[in-house]
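This report refers to the structure that appears directly beneath it.
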Amino acid sequence: MVRISDIIGALMRGITTARIQSDIHSAAAAQAYLNDEQLRQYPVPRTEIRQADVSLKVSILDTVQKNLDTNDVALQSLLASVPGYVSSILALQAKPTQGSPDTELKPLSTYFGENLDEAVNTVATQLENYLTANIVTVWPELSANPSKFGGGAWKTQTDNALAAAKTQYQVTAYTSGSEFSKAVAAVSKDWAESEAAAGQLAVDLAITSFFDLDLAVKKDQIFSLPSHVMSEVKLTLAVENYEWTSVKDKQGNVINKLTHK
Amino acid sequence: MGLSIPLHRIGTHVLDQIALVRSAFAEAPDGGPPLLLRNAEVSIAFATADALPIDPAEVVVGETPIPPEEAQRRLETLDRKVLVALTDVKKAPVDTRGRLILRIVY
Numbered sequence: 006m007v008r009i010s011d012i013i014g015a016l017m018r019g020i021t022t023a024r025i026q027s028d029i030h031s032a033a034a035a036q037a038y039l040n041d042e043q044l045r046q047y048p049v050p051r052t053e054i055r056q057a058d059v060s061l062k063v064s065i066l067d068t069v070q071k072n073l074d075t076n077d078v079a080l081q082s083l084l085a086s087v088p089g090y091v092s093s094i095l096a097l098q099a100k101p102t103q104g105s106p107d108t109e110l111k112p113l114s115t116y117f118g119e120n121l122d123e124a125v126n127t128v129a130t131q132l133e134n135y136l137t138a139n140i141v142t143v144w145p146e147l148s149a150n151p152s153k154f155g156g157g158a159w160k161t162q163t164d165n166a167l168a169a170a171k172t173q174y175q176v177t178a179y180t181s182g183s184e185f186s187k188a189v190a191a192v193s194k195d196w197a198e199s200e201a202a203a204g205q206l207a208v209d210l211a212i213t214s215f216f217d218l219d220l221a222v223k224k225d226q227i228f229s230l231p232s233h234v235m236s237e238v239k240l241t242l243a244v245e246n247y248e249w250t251s252v253k254d255k256q257g258n259v260i261n262k263l264t265h266k
Numbered sequence: 014m015g016l017s018i019p020l021h022r023i024g025t026h027v028l029d030q031i032a033l034v035r036s037a038f039a040e041a042p043d044g045g046p047p048l049l050l051r052n053a054e055v056s057i058a059f060a061t062a063d064a065l066p067i068d069p070a071e072v073v074v075g076e077t078p079i080p081p082e083e084a085q086r087r088l089e090t091l092d093r094k095v096l097v098a099l100t101d102v103k104k105a106p107v108d109t110r111g112r113l114i115l116r117i118v119y
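Taken in order, these protein sequences are the chains called E and S.
If you read the first sequence in my numbering, its first letter stands for residue 6, the second for the next number, and so on.
If you read the second sequence in my numbering, its first letter stands for residue 14, the second for the next number, and so on.
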């Protein structure tokens with residue numbers, strides 16, 4: 006594959022090499038002029054490249070997709086949304102006990118009291134671990150049918166994570182009833198549907214970012230192509246010239262130094 | 014068919030490739046670069062991915078050469094998806110064909 010960087014790099018190397026060859030030839034000519042009685046009367050010819058404008062027609066043979074782990078891209082998108090999801094779950098209304106009247110409904114988060122932040126982390130970490138360990142199966146299922154995944158596997162994981170946090174922080178709020186379960190299912194489905202779209206967008210963006218352009222530059226590749234398919238690279242290059250000069254250091258020793266001309 | 018890529022990504026790819034070359038070139042003995050890339054003009058032929066016409070056909074980033082950072086900023090608004098592979102551009106209807114032109118000064 007020939008990339009744009011290969012083309013520009015080759016052109017820049019070519020200019021540098023041309024300059025070096027020119028100097029080597031000039032050095033040989035200078036010696037010849039020195040050794041010849043008549044030539045010594047003439048100035049030594051020397052070519053100096055100060056600036057070069059180069060232009061190259063190319064054609065883009067193909068766009069090449071770089072290796073991309075779409076599951077990993079989707080995972081990063083999903084993980085970013087987990088803390089917000091957990092907050093939504095903990096905002097659901099729950100009763101203190103099964104027999105409590107509806108007037109005692111209050112956000113589940115309030116039952117965790119001063120342990121709320123730790124509880125959010127506990128639930129989020131458990132869900133993140135599940136996503137990370139199972140992304141190879143999670144992403145295909147989630148992206149193919151978000152509603153089914155949200156109401157199925159994702160809700161189950163949420164229930165399990167919530168139960169573990171309740172046990173850990175000795176929260177006894179009633180979350181086993183059908184009302185609470187339906188509310189969790191609704192939130193988990195919403196999350197799955199929005200994250201399937203967000204994850205797909207992240208994957209699409211990554212796909213369009215990880216590519217290479219494979220160029221055709223050889224005569225037999227581009228000779229017969231119409232002008233409308235041709236691309237072009239034009240460069241203006243400046244050659245910095247240096248020369249050896251002899252100077253004395255602090256101790257009076259003569260040293261040779263490269264200086265910018 | 015080649016990849017369908019937003020125009021700004023094509024432009025960014027070009028800028029990245031030039032930056033790669035510039036960083037790869039060794040420094041001169043006194044610390045300055047021996048060969049300087051002053052200006053670069055890159056013209057990329059494309060066809061719209063949705064096969065709809067594009068007008069104007071020339072998308073110019075830098076009427077006169079601009080620094081790469083400024084070019085990057087101007088590219089951000091170019092979200093039209095295009096095809097740049099030879100076979101796609103070759104067969105595309107004439108009014109769907111265009112050219113992205115980047116003029117950069119370093």
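Don't be surprised by glycine CBs; every beta carbon is placed ideally from N, CA and C.
Please read all numbers here as calculations on a predicted model, not as lab measurements.
The beta strand (DSSP E) enclosing residue i, as first and last residue numbers
| i | result |
| --- | --- |
| L48 of chain S | L48 to T61 |
| T77 of chain S | E71 to I79 |
Any C-beta of chain S under 8 Å from that of residue i
| i | result |
| --- | --- |
| I260 of chain E | no |
| S251 of chain E | no |
| I140 of chain E | no |
| M17 of chain E | yes |
| H2 of chain E | Residue 2 of chain E is absent from the structure shown; chain E starts at 6 and stops at 266. |
| T180 of chain E | no |
| L242 of chain E | yes |
| R51 of chain E | no |
| D67 of chain E | yes |
Beta-carbon contacts of residue i that lie in its chain and below 7 Å, excluding the five residues immediately before and after
| i | result |
| --- | --- |
| D29 of chain S | none |
| L136 of chain E | L80, L83, L84 and V143 |
| D164 of chain E | V189 |
Per DSSP, the bridge partner or partners of residue i
| i | result |
| --- | --- |
| M6 of chain E | None, per the DSSP bridge assignment. |
| A57 of chain E | E:L242 |
| S186 of chain E | DSSP lists no partner for S186 of chain E. |
| F216 of chain E | E:Q70 |
| V63 of chain E | E:S236 |
| A99 of chain E | E:K111 |
| L96 of chain S | S:A60 |
| Y179 of chain E | E:K100 |
Any chain E beta carbon closer than 8 Å to residue i
| i | result |
| --- | --- |
| E54 of chain S | yes |
| Q85 of chain S | no |
| G15 of chain S | yes |
| L88 of chain S | no |
| V95 of chain S | no |
| S36 of chain S | no |
| G45 of chain S | Here G45 of chain S scores only 49 on pLDDT, less than 50, and its place in the model is too uncertain to base an answer on. |
| L20 of chain S | no |
Segment limits, alpha helix (DSSP H) that includes residue i
| i | result |
| --- | --- |
| R116 of chain S | First-last for R116 of chain S: R110 to V118, but that is the beta strand (DSSP E), not the alpha helix (DSSP H). |
| Y47 of chain E | No alpha helix (DSSP H) contains Y47 of chain E, which DSSP labels as neither H nor E. |
| L136 of chain E | L121 to A149 |
Simplified DSSP assignment, three categories, for residue i
| i | result |
| --- | --- |
| Q70 of chain E | strand |
| P19 of chain S | strand |
| A105 of chain S | coil |
| A221 of chain E | strand |
| D174 of chain E | Note on residue identity: the sequence assigns Tyr, not Asp, to residue 174 of chain E. It is coil, neither helix nor strand. |
| F117 of chain E | coil |
| Q256 of chain E | coil |
| I25 of chain E | helix |
| T90 of chain S | coil |
Own chain partners of residue i with C-beta closer than 8 Å, once the 5 adjacent residues on each side are dropped
| i | result |
| --- | --- |
| P81 of chain S | L28, I31, A32, I117 and Y119 |
| Q81 of chain E | A207 |
| Q70 of chain E | I212, F215 and F216 |
| G45 of chain S | Caution applies to G45 of chain S, whose pLDDT of 49 falls short of 50 and renders its modelled position unreliable; the value that the coordinates give is listed next. Once the five neighbours on either side are set aside, G45 of chain S has no close Cβ partner at all. |
| A96 of chain E | P112, L113 and S114 |
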